[in-house]
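Some notes on the structure that comes next.
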Amino acid sequence: MSDWDIGVFASIDAGLGVHLDVARELGIPTIQLHAPHQETRTAEAATRFLDQLNQQGIILTAVFGGFAGESYADIPTVEQTVGLVPSSTRDMRLAEMKEISDFAKLLQCGVIALHLGFVPHETSDPEYLSVVTVTRDLCDHAQKNGQNLHLETGQETAEGLLQFISDVDRDNLFVNFDPANMILYGTGEPIEALEKIGPLVKSVHCKDATWSENPGIDWGEEKPLGEGQVDMHRYLSALKSIGYRGPLTIEREIPQEPIRQKSEIKHAADLLTQLREQILD
Ligand code: MG
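Going by the numbering used here, the letters in the sequence shown line up with residues 38 to 318, in that order.
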């Protein structure tokens, strides 16, 4: 792999990412994979997918977990439904995330990732401690599979995330930084957050968005790359300054509009390639 290889968030089955063919057609050399449904997570499916990746010369850099019942409809719904935070589904989802880690191992992938959900802000809250415990458990499972766990940003401020990672206290726990999520959730100015999280950022999403009028209460709006308020030139310059050299993974989750999705991903890849030439030595 080279520095700042372009990537795209992709799916095998009907997930949120683009189909692998789109990555191949656009000549994008790396992907992060949205984990397929349970029935597809078999050894046979892994072998088949790995063969496909090898044939197409595409490198898998992370496998993202997601769960049935999650909804990103609005911020309160995310709080209630997403990740390992909601207590009623926590044990079941932890077990599933461990299966996803095992599936990622079959795919020879050293990174699993997820949205943990809205971690309670009070560190003395018993629920906070429960989320710390469940994350330790998942980190330890990933460790046995030779993997790191990357937490997707968005639901926490940079400070909240740093506090949480420090409390979990596992050396295979890192961050997948998504600048647009900081804007969408209203959790902080993305470049400042990136600079604070710094060396813990081990993978990134390239996604854009505009702030809502009521940050933290209403969603901001996701935009095609370069048309939102992240400022891609500043973003990549900040990535360079924190020493990040991993892939630049484009995330554009509009699977209901595949033609627009493909064209916006192509445009995003062109923009990132151009900025990479300007910014990276
Ligand atoms: Mg993201």
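The C-beta atom is built at its ideal place from N, Cα and C for all residues, glycine as well.
- Membership of residue 139 in the alpha helix (DSSP H) is indicated by the continuous run 127-143.
- Counting the other Cβ atoms within 10 Å of the Cβ of residue 289 gives 16 or more, which makes it buried.
- The closest CA to that of residue 259, considering only 219, 274, 281, 285, is found on 219.
- Fewer than three beta-carbon pairs drawn from the stretch 87-97 and the stretch 111-128 are found closer than 8 Å, and the two stretches are therefore not classed as touching.
- Assignment of residue 146 by DSSP, reduced to helix, strand and coil, places it in the coil class.
- Residue 247 has 258 as its beta-bridge partners, per DSSP.
- Measuring C-alpha to C-alpha distances from residue 138 to each of 169, 78, 252, 311 identifies 78 as the nearest.
- Of all C-beta pairs linking the stretch 242-255 to the stretch 193-201, fewer than three are shorter than 8 Å, placing the two stretches out of contact.
- Under the three-pair Cβ rule at 8 Å, the stretch 127-134 does not count as touching the stretch 62-70.
- Selection 142, 161, 136, 238 evaluated against residue 277 yields 238 as nearest (Cα-Cα).
- Across the set 180, 65, 293, 311, the C-alpha of 311 shows the shortest separation from the C-alpha of residue 274.
- Per DSSP, the beta bridge partners of residue 101 are 71, 150.
- In terms of CA proximity to residue 301, 54 leads the group 161, 108, 54.
- For ligand 1, a non-hydrogen atom lies closer than 7 Å to the CB of residue 244.
- Nearest to residue 75 by alpha-carbon distance, out of 271, 318, 49, 116, is 49.
- If you look at residue 287, you'll find it in the beta strand (DSSP E) that goes 285-287.
- In terms of CA proximity to residue 60, 286 leads the group 314, 286, 112, 178.
- Distances taken from the Cβ of residue 116 to the heavy atoms of ligand 1 include none shorter than 7 Å.
- Boundaries of the alpha helix (DSSP H) harbouring residue 115: 112-118, taken from the DSSP string.
- Considering only 180, 233, 207, the residue with the shortest C-alpha distance to residue 194 is 233.
- Between residue 231 and residue 211 the beta-carbon gap is near 13 Å, outside 8 Å, which marks them as no contact.
- Using a 10 angstroms sphere on the CB of residue 108, the tally of other CB atoms stays under 16, which defines it as exposed.
- Shortest gap from the CB of residue 209 to any heavy atom of ligand 1: 7 Å or more.
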